[in-house]
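Below is one structure, written out as structure tokens; comments come after it.
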Amino acid sequence: LTEGKFHDEL
Amino acid sequence: MNLFRFAGDILHLLSILVLLLKIHATKSCAGISLKTQELYLAVFITRYLDLFWNFHSLYNSVFKVVYIGTTSMIVWYMRRHRNVKLTYDRDHDTFRYLFLVAPCAVLSLLINARYNLFEILWTFSIYLEAVAILPQLVLLQRTKNVDNLTGNYVFLLGLYRAFYILNWVYRFATEPGYSAWLVWISGLIQTGLYLDFFYYYVQAWKQSKKLQLPS
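This is the structure in structure tokens:
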């Protein structure tokens, strides 16, 4: 899950 | 992180605190939709599942815990507090969960960025947040006379969404390669749901009258 796109917004 | 995003998060927190303080101070939850609050709790839990293994920043982690905690407290007050639960307007808060949860669940299985459990739950939370305000809007419509704090709650929530849109515009203009179609479209739909309410809220404010929604 940590690779690729990271959900950085809340 | 930019100022729009920060303002959005703060407004979101403020909206929840306004609601929590209103319930705490007046020991009443009249006019508040428990359905909307439970849907938001579901949104936060499905989206912030990654809290334990995806560390992005202290800022994000603190907000995630605070959103889950404060919304849980609202739900607890409305369901369990001996005085508050008596003021819950269950006869008017009749919106069916299934009408919102089922389409969002199906949509998140069909349209997502990556096919794995946590990504699908995250996507589900994005879709569900877009429509979670509907039971509250229907309840406001039914009860007509909206008390100030409930009106402010919905207004602050709408404002939070508006700032997130500004944040996306800013990020799109300044971050090369930044795009998030799924979040943008859901966010636009979500903000759209507030437009009608905003119109009446601003009208009432301009005429310094009590907010009253038309039938």
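Protein sequence lines, in the order shown, are assigned to chains A and B. Each residue of the first sequence is one higher than the last, beginning at 131 in this note's numbering. Each residue of the second sequence is one higher than the last, beginning at 3 in this note's numbering. We treat Cβ as the ideally placed atom computed from N, Cα and C, and that holds for glycine. These figures come from a predicted structure and were not determined experimentally.
Beta strand (DSSP E) segments (min. 3 residues) lying fully within the segment 87 to 112 of chain B: none
Just the Cα atoms here: how many angstroms apart are L139 of chain B and S210 of chain B? Counting from 1 along the second sequence, the entry for residue 139 of chain B is found at position 137. Counting from 1 along the second sequence, the entry for residue 210 of chain B is found at position 208. If you take the alpha carbons of L139 of chain B and S210 of chain B, they lie about 21 Å apart.
What three-state label does DSSP hand N56 of chain B in the structure shown? Your numbering for residue 56 of chain B matches position 54 in the second sequence. In this structure, N56 of chain B counts as coil in the three-state DSSP scheme.
In chain A, which residues lie less than 7 Å from W78 of chain B when you measure between Cβ atoms? As a working note, residue 78 of chain B is residue 76 in the second sequence. Going along chain A, no residue has its Cβ under 7 Å from W78 of chain B, so there is no contact; the nearest lies around 22 Å.
Buried versus exposed call for W170 of chain B [16 or more other C-beta atoms within 10 Å across all chains shown]: Here residue 170 of chain B refers to the residue found at position 168 when the second sequence is read from its first residue. Label assigned to W170 of chain B: buried.
Residues bridged to N118 of chain B (per DSSP): Within the second sequence, residue 118 of chain B is the residue found at index 116, counting from 1. According to DSSP, which records beta bridges pairwise, N118 of chain B is partnered with nothing at all.
Using Cβ-Cβ distances below 8 Å, what residues of the segment 115 to 127 of chain B are close to chain A? A115, R116, N118, F120, E121 and W124
Is it buried or exposed, E133 of chain A, if we count other Cβ atoms within 10 angstroms and call 16 or more buried? Taking the first residue of the first sequence as 1, we reach residue 133 of chain A at position 3. The predicted model places E133 of chain A with a pLDDT of 39, which falls under 50 and marks its position as unreliable, so this point remains unresolved.
Residue range of the unbroken alpha helix (DSSP H) whose run includes E40 of chain B: Locating residue 40 of chain B in the second sequence gives position 38, counting from the first residue. Its alpha helix (DSSP H) spans residues L36 to R49.
Taking 8 Å as the cut-off, decide whether the C-beta atoms of L130 of chain B and V45 of chain B are in contact. Start at 1 with the first residue of the second sequence, and residue 130 of chain B comes out as number 128. Start at 1 with the first residue of the second sequence, and residue 45 of chain B comes out as number 43. Yes, the Cβ-Cβ distance between L130 of chain B and V45 of chain B is below 8 Å.
Hey, how far is the Cα of L111 of chain B from the Cα of L123 of chain B? For the purposes of this step, residue 111 of chain B is taken as residue 109 along the second sequence, with counting starting at 1. For the purposes of this step, residue 123 of chain B is taken as residue 121 along the second sequence, with counting starting at 1. Each residue's Cα considered, the two are about 9 Å apart.
Could you check how far apart the C-beta atoms of Q39 of chain B and M80 of chain B are, in whole angstroms? I think they sit under 8 Å. Numbered from 1 along the second sequence, position 37 holds the residue referred to as residue 39 of chain B. Numbered from 1 along the second sequence, position 78 holds the residue referred to as residue 80 of chain B. That belief holds up - the Cβ atoms of Q39 of chain B and M80 of chain B are roughly 7 Å apart, short of 8 Å.
Measure how close the beta-carbons of H58 of chain B and D138 of chain A come, nearest whole angstrom, since I'm counting them as under 8 Å. The residue you call residue 58 of chain B lines up with position 56 of the second sequence. The residue you call residue 138 of chain A lines up with position 8 of the first sequence. Right, their Cβ atoms sit about 6 Å apart.
Along the alpha helix (DSSP H) that carries D11 of chain B, what are the first and last residues, could you check? Here residue 11 of chain B is taken as the residue at index 9 of the second sequence, counted from 1. It spans L5 to T28 - the alpha helix (DSSP H) in which D11 of chain B sits, taken as one unbroken run.
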